[in-house]
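With the numbering used here as the guide, the letters of the sequence shown map in order to residues 118 to 232. Even glycine gets a Cβ: it sits at the ideal position worked out from N, Cα and C. Report on the following structure.
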Amino acid sequence: MPNRFRGEISAQLDGRTWTLVLTLGALAELEAAYECKSLATLLQRFSPDSLSASDMIVLLGAGLRGAGHDVTNDQVAMMQAAGGVAGFAAITADLLTAAFGVTSTEDDELLAEVS
Numbered sequence: 118m119p120n121r122f123r124g125e126i127s128a129q130l131d132g133r134t135w136t137l138v139l140t141l142g143a144l145a146e147l148e149a150a151y152e153c154k155s156l157a158t159l160l161q162r163f164s165p166d167s168l169s170a171s172d173m174i175v176l177l178g179a180g181l182r183g184a185g186h187d188v189t190n191d192q193v194a195m196m197q198a199a200g201g202v203a204g205f206a207a208i209t210a211d212l213l214t215a216a217f218g219v220t221s222t223e224d225d226e227l228l229a230e231v232s
């Protein structure tokens, strides 16, 4: 069971329940991938109006690896979520909320953007 106080979430991917968390190492991985020099810049990168499918793959991959799962971004790209793209957007929004305390309004904007 995920510990929300630690920023963990659970997600259904490929019919399996996974735990995801953006640990400090996972955040450093994302900073390097996007060449961001701060967490604020990284969070701006994942704003609802600029989030892409590639961003979701990289973000979910980092979250899975942060929780100890040995998966590559290529493997994440092949996974399926209930609800398709909207399902992936909901998981991504939940992960960002758990890690950064993003407001529910921003979650709603993210979901509206991909729906």
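Residue interval of the beta strand (DSSP E) (run including residue i)
i, result
"Arg123", "Run containing Arg123: none; DSSP gives neither H nor E here."
"Leu137", "133-137"
CA-to-CA distance, residue j to residue i, given in whole angstroms
i, j, result
"Gly183", "Leu130", "16 angstroms"
"His186", "Thr209", "17 angstroms"
"Arg133", "Met118", "13 angstroms"
"Lys154", "Glu148", "7 angstroms"
"Asp211", "Glu152", "23 angstroms"
Beta-carbon spacing of residue i, residue j below 7 angstroms
i, j, result
"Val193", "Gly178", "yes"
Bounding residues of the alpha helix (DSSP H) (the contiguous stretch that carries residue i)
i, result
"Thr209", "202-217"
"Glu152", "It is not in any alpha helix (DSSP H) - Glu152 carries neither H nor E in the DSSP assignment."
Along the chain, which unbroken stretches of the alpha helix (DSSP H) at least 4 residues long are found entirely within the stretch 155-193?
-> 156-162, 170-183
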